[in-house]
Each structure stands twice: as C-alpha cells, then as structure tokens.
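Data first, discussion second: the structure below is written as structure tokens.
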Amino acid sequence: MKIRKAVFPAAGFGTRFLPATKAIPKEMLPLIDKPLIQYSVEEAKRSGLEEVIIVTGMGKTAIEDHFDVSFELEMLLKERNKTEILKMIEELSNFIHFSYTRQKKPLGLGHAIHCAKNLVGMEPFAVFLSDDVIDAKIPVMKQMVHTFRQYPYSILAVQRVPKKEVHHYGIIEAKKICPRIYKVIDMVEKPHPHDAPSNLAIIGRYILAPEIFNALEQIRPGKGGEIQLTDGLKMLSRTQPIYAYEFEGNRYDAGDKLGFLKANVSFALNTPGINKEFRSFLRGLNL
Ligand code: G1P
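Just so it is clear: in the sequence shown, position 123 is 116 by the numbering used here, and no numbers are missing.
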C-alpha cells in the first residue's frame, strides 16, 4: 500500500521560543530563508507523498497564508520582472495538496494526530514533526517509505542519543532484526535516565497504521497530563507489530534555541551565495 498523506501537527504554543513566538507560529521561524515547516513539507514531497494535512491551532494562520497563493505578491513580482523569485513563490502554492484542521484544545501530540482522523481515513500515513529538521542525502521519509515496503506496519524513526538526554524523547526497547531495523518491544515517553530501556530515541518522523486512531481513543492522559502518541503506539503494539528505523542523516532539534542555532549555522555553511563569507566570518571570531 502506498503512503500518500502526511500529517503535520502544528498547534503547539512554541513556549521554548517566547517571546519570538507570541504572534508568529514557531513553525514559521526562518532557517536561512525558509520557514521551518517548509523543510519537512519539501521532505514529504521528495518522499513521494501527495497530500499534506496540517493540524493547526489559534494564531497559526501564517502557515496557511504561507502555502497559499498570494495574488498581490505575484502581480508585483511580475511587474518588476523578478522572474526567479516569482517562480519560487508560484511553486510554493502549487507544491502539494494542503488541507487544514484544528486542534481545539492543547491536549498533546496524540490528540493532535487524532484530529486528522477524518482527513486521513483508513490508510497508513506519515507524520512529520517539523521541529526535527533532518539534513539527509536521501530524505528520511523516503528511507522510511522504502522500509515500509518490506515491513508494512507502523515505523518510527529513531536515533541514538546520549543517556542523559533520554528524558526529552520517547524511548524504545527493541530487538534489532537487520541493519537499521528494529522490532519494537516496548516504549516509554520521556523516561528518567535510570528507567530508560535504551538510548534509542523516537525522532519526529513516523509511518502510522490507521488503527492508531482507535488506540488513541482508548488511552488516558500520560506524561504531562497529555494524550501521548507514544502511549497510543504502545497500545497499538498489543495488536500489531511496530518497527523502528535508524535513519541516515543529521538531525537538529530546531524546537530548541541551541538546536535551532546549530541548524542555522550548519545550513548557512551549505548555502551557495553566503557560505564562503559566512565561513570566513566564523573564522574571524577566533573562538
Ligand atoms: C515528541 C514525542 C516524543 C518524541 C519527540 C521527537 O515530543 O512525544 O516521543 O521523541 O517528539 O522530537 P516533544 O518534542 O513534542 O515534546
């Protein structure tokens, strides 16, 4: 079965970036010259997905505007013969099919994903957490879609993290079945390092079986009083297998100040037009 739809939870308040995110969604913070969310939307497209479903909340209209047609802007660029920028702006609104739904209460990641139930229907789908920016030769979701052909069940992107950082992530207990692929035995959301079953952390890319919606309806609020996706997956694992895929690529937690800065520096060093001068600027800092 083909993975066609991608769900993007984007209803969070972005408290880690206040006051910058008071009036601007955190998904719209720029990494060089594109908002964060655009990187994962592009990853979805390059992975062969056809539809993007964004779960938004209050104050998130900038995301819809970003991916919509801006008639006035396009007219202006045409008049001024800014053909290259015009092409880029036109491409953005024709890029992929977008739908939007709202999470009316901030009840957690699992709840946000459940809000997309009607738009997804009964087919396996992808989830992107756009805070996790991943620089990879082959887009991570494409790697996962490839894995799905062999293991047509839910697949979680995972990465090893230092033991002292496990409390930031969903952590899996798993059995390696072939290079980069694990069968998940158990999982726990943001454990204390002493209680973590491993240091394999779930990163914000998932392929989910549609039965996850049913599982999310059954679970109770977990860590932080929220409906956790990890708990939903744990419930789902009682009735069907779940796999984890250790992806190839460099991941930045752009939802965190330091991670966001690292992503900016690393992307800047690879951006033609600014990379050379930026590199010599960094050298000049004499760190
Ligand atoms: C969420 C998930 C967590 C996962 C993480 C990846 O947490 O709940 O299991 O490891 O994303 O970024 P959040 O970062 O939204 O608190």
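Quick reminder that beta carbons are idealized off the backbone N, C-alpha and C, glycines included.
{"query": "Classify residue 109 as helix, strand or coil using the three-state DSSP reduction.", "result": "coil"}
{"query": "Go through its chain and collect everything with a Cβ distance to residue 40's Cβ below 7 Å, but skip five positions before and after it.", "result": "132, 134, 135, 138"}
{"query": "Measuring CB to CB, does residue 151 end up less than 8 Å from residue 238?", "result": "yes"}
{"query": "Taking 7 Å as the cut-off, is the beta-carbon of residue 251 closer than that to any non-hydrogen atom of the ligand G1P?", "result": "no"}
{"query": "Note the first and the last residue of the continuous alpha helix (DSSP H) segment covering residue 210.", "result": "205 to 211"}
{"query": "Look up residue 195 in the DSSP assignment and give the residues it is bridged to.", "result": "151"}
{"query": "Between which two residues does the alpha helix (DSSP H) harbouring residue 276 extend?", "result": "268 to 277"}
{"query": "How many angstroms separate the CA atom of residue 87 from the CA atom of residue 230?", "result": "38 Å"}
{"query": "Can you tell me where the alpha helix (DSSP H) holding residue 257 begins and where it ends?", "result": "250 to 261"}
{"query": "If you measure from the CB of residue 125, is any heavy atom of the ligand G1P nearer than 7 Å?", "result": "yes"}
{"query": "With respect to 7 Å, is the separation between the Cβ of residue 223 and the closest non-hydrogen atom of the ligand G1P below this value?", "result": "yes"}
{"query": "Considering Cα atoms alone, identify which of 226, 25, -3, 13 is closest to residue 255.", "result": "25"}
{"query": "Please determine, among 6, 123, -2, 223, the residue with the shortest C-alpha to C-alpha distance to residue 53.", "result": "6"}
{"query": "With residue 188 as the anchor, note down where its beta strand (DSSP E) starts and where it stops.", "result": "From DSSP, residue 188 is part of no beta strand (DSSP E); its letter is neither H nor E."}
{"query": "With three or more beta-carbon pairs closer than 8 Å as the criterion, would you say the region 198 to 210 touches the region 70 to 82?", "result": "no"}
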